[in-house]
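Chemist: Just passing along the structure, written as structure tokens.
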Amino acid sequence: MERDGSARTAREGFCRAIGLRVKSGYAIAVVLGGPASDPKPVARHIVALSDPDVPETRQPHHDGLGVEMEDRREIARRSTIIERCAKASVAALLQTCSAASAERSHETLRAALVVGSVIDPETIGNPHIRAHAYEGRLFRTVLEEALAARGVKCDVIVEKQLATRAAAALKQPDGRITRALSAFGKTLGSPWRADEKAAATAAWIALL
3 MERDGSARTA REGFCRAIGL RVKSGYAIAV VLGGPASDPK PVARHIVALS
53 DPDVPETRQP HHDGLGVEME DRREIARRST IIERCAKASV AALLQTCSAA
103 SAERSHETLR AALVVGSVID PETIGNPHIR AHAYEGRLFR TVLEEALAAR
153 GVKCDVIVEK QLATRAAAAL KQPDGRITRA LSAFGKTLGS PWRADEKAAA
203 TAAWIALL
């Protein structure tokens with residue numbers, strides 16, 4: 003039994019996880035090192051999912067303030083740029099993670115995304131809200147695909163369900179989770195707001 007326990011601890015030790023809070027045009031990433039029983043904050047990054055030289059890629063399904071874009075060719079053009087940005091940003095992020103853990107060649111890397119919703123945009127009647135839903139799905143999907151293309155398994159967690167998921171998965175009292183998240187922020191520095199805490203929570207879950 004002791005041998006099995008030692009092997010499990012060793013495997014857990016060689017794990018790193020990225021939690022990403024997906025926003026419109028970018029994602030906030032927090033990297034934690036395992037094991038899940040004693041996670042350590044490693045880094046925080048902003049992952050660009052849009053091109054600053056093409057500002058419309060920040061809200062690709064909008065045609066001006068509060069107006070849904072209906073030009074399918076234009077949406078496709080913007081989406082192609084977003085896919086390219088996501089691939090480049092994920093490649094850079096994973097390269098940074100690899101460089102930081104070069105001494106651990108067998109380290110497992112996992113990821114979890116925190117999103118506002120996974121609702122089907124087609125079920126939404128309001129054009130403005132529907133545009134936001136399309137964008138949420140697009141940015142989530144390009145991140146998932148970019149991570150999967152590099153062999154990183156990815157979970158998707160709806161933000162409203164994050165606290166419940168964390169309590170069930172981590173089997174930790176709410177107070178300990180809250181204190182740990184605050185400690186991560188002290189190590190990684192400001193800003194350390196709700197989005198950063200959500201990303202860190204997702205990373206912690208992904209360590210399991």
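Start counting the sequence shown at 3; every next residue gets the next number (my numbering).
Ideal Cβ placement from N, Cα and C applies to all residues, glycine included.
1. Does DSSP put residue 27 in a helix, in a strand, or in coil?
2. Spatial neighbours of residue 123 within its chain, please: C-beta separation below 7 Å, excluding the five flanking residues on both sides.
3. Please find out if some non-hydrogen atom of the ligand ATP comes closer than 7 Å to the beta-carbon of residue 83.
4. Going along the chain, which residues of its own chain have a beta-carbon closer than 8 Å to the beta-carbon of residue 15, five neighbours each way excluded?
5. Determine whether the Cβ of residue 133 lies closer than 8 Å to any Cβ atom of chain B.
6. Where does residue 5 sit, in a helix, a strand or coil, going by DSSP?
7. So what does DSSP say about residue 112, is it helix, strand or coil?
8. To the nearest angstrom, how far is the alpha carbon of residue 200 from that of residue 55?
9. According to DSSP, is residue 43 part of a helix, a strand, or is it coil?
10. Using only the alpha-carbon positions, how far apart do residue 22 and residue 29 sit?
11. Quick check for students: name the residue ranges of the alpha helix (DSSP H) that lie wholly in the region 95-171, counting only runs of 4 or more.
12. Of the choices 164, 152, 82, whose alpha-carbon is the least far from that of residue 118?
13. To which residues does DSSP link residue 49 through a beta bridge?
14. What residues are listed by DSSP as bridge partners for residue 19?
15. Does DSSP put residue 70 in a helix, a strand or coil?
16. Beta-carbon within less than 8 Å of residue 48's beta-carbon, same chain only, minus the 5 sequence neighbours each way: which residues are those?
17. For residue 33 and residue 87, which I take to be in contact (beta-carbon distance under 8 Å), what is that distance rounded to the nearest angstrom?
18. Based on Cα-Cα distance, which residue from 153, 159, 128 lies nearest to residue 120?
19. DSSP puts residue 64 in a beta bridge; with which residues?
20. Figure out for me which residue from 183, 80, 173 has the closest Cα to the Cα of residue 203.
21. Might you give, ordered along the chain, the residues of its own chain that have their beta carbon closer than 6 Å to the beta carbon of residue 187, omitting 5 neighbours on each side?
Modeler: Reading it off the structure:
1. It is coil, neither helix nor strand.
2. Around residue 123: 132, 135, 136, 139.
3. The ligand content of the structure shown is nil, which means the ligand ATP is not present either.
4. At residue 15, the pLDDT of 46 sits below 50, so the modelled position is not reliable and the matter cannot be decided from this model.
5. Of the chains in the structure shown, none is chain B; there is only one protein chain.
6. Note on residue 5: pLDDT 31, under 50, position unreliable in the model; the coordinate value appears next. Note: residue 5 maps to helix in three-state DSSP.
7. Here residue 112 sits in strand by DSSP.
8. Linking residue 200 to residue 55 through their CA atoms gives a straight-line distance of about 29 Å.
9. Strand at residue 43.
10. Each residue's Cα considered, the two are about 6 Å apart.
11. Complete alpha helix (DSSP H) runs here, min 4: 129-151.
12. Comparing Cα positions, the closest option is 164.
13. Residue 49 is bridged to 29.
14. Partner residues in the beta bridge of residue 19, as assigned by DSSP, are 34, 112.
15. When secondary structure is reduced to three states using DSSP, residue 70 falls in the strand class.
16. 28, 29, 30, 31.
17. With 8 Å as the limit, residue 33 and residue 87 do not qualify as a contact, their Cβ atoms being about 20 Å apart.
18. Cα-wise, what sits closest to residue 120 is 159.
19. BP columns for residue 64 point to 70.
20. Residue 183 is the option with its Cα nearest to residue 203.
21. Around residue 187: 194.
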